[in-house]
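Counting from 56, one number per residue, gives the positions in the sequence shown under the numbering used here.
Written below as structure tokens is the structure these notes are about.
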Amino acid sequence: MTAIEATDLRSPITRAGYEYWLLKKGDRPYPARADFDPLLEQPKLSRNLVLVDVERDPVDFRYRYIGTAVRENMAAEWTGKRMSEIPMQRAPNPIWRHHLWVLEHRRPRFYRPAYLGPHRQFKFIESAQLPLGLHGGEIDMMMVFVDFLRKSA
């Protein structure tokens, strides 16, 4: 699963999520979680929002919040689980590698993998994975906007 550029985002949801992040980021490398209140500021986007805690020693990623649109279209409920606990997401899975890339490069990452969930009408998932951290320091969380792209009619 290769990354795409922000200019290649097809979904209005992932584009709006990225623009929301950019607005809050300002001239910093990335914003802090405290800068956002997506449930109030962007209620429509919050349905497609995933918040992921970054854990260290060892590195892992824990799902803190999964919006209703994401939960409805995935195969399982992962809130509170670490990626290392989910066979299809643990290292060296591409999703894990994209999370790790954001940590290492301290920049957003965008990708569009094939949809493997329970609904036949979707072909791809489009994701904008955005780092969060205090004052440009260590990334402690990621804000991820996810949309499900339908197969062409």
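Just so it is clear, CB atoms sit at the ideal spot from N, CA and C, and this is done for glycine as well.
Quantities reported herein were computed from a predicted structural model and do not represent experimental measurements.
Whole angstroms is fine: what's the gap from residue i's alpha carbon to residue j's?
i	j	result
N148	V157	15 angstroms
L204	P86	28 angstroms
R65	G122	20 angstroms
R152	Y73	20 angstroms
T69	F91	16 angstroms
P194	R111	Residue identity check: residue 194 is Ile in the sequence provided, not Pro. Their Cα atoms are separated by approximately 10 angstroms.
P113	S139	10 angstroms
A124	G192	31 angstroms
A131	L77	31 angstroms
N128	E181	13 angstroms
A71	W133	24 angstroms
D115	V109	6 angstroms
D202	A58	15 angstroms
R164	F179	16 angstroms
R126	E96	21 angstroms
Sort the options by Cα distance to residue i and report the nearest one.
i	options	result
Y75	P98, E60, A58	P98
V105	P113, R88, V114	R88
V199	M129, Q184, H190, G188	Q184
F83	P186, I150, E96	Strictly speaking, residue 83 in this sequence is Arg, with Phe absent from that position. For R83, the nearest C-alpha among the options comes from P186.
P144	E96, L189, P168	In the sequence as displayed, the identity of residue 144 is Gln instead of Pro. The candidate whose alpha carbon is nearest that of Q144 is P168.
E159	K79, M197, I141	M197
Whose C-beta lies closer than 7 angstroms to the C-beta of residue i among residues of the same chain, with five residues either side of it excluded?
i	result
L94	S101
Which residues does DSSP list as the beta-bridge partners of residue i?
i	result
A183	F165, F200
F116	V109
Grab me the residues of residue i's own chain with a C-beta within less than 8 angstroms of its C-beta, minus the 5 sequence neighbours each way, in chain order.
i	result
K136	R117, Y118
Y217	Coverage of the chain is limited to positions 56 through 208, which leaves residue 217 absent and any answer about it impossible.
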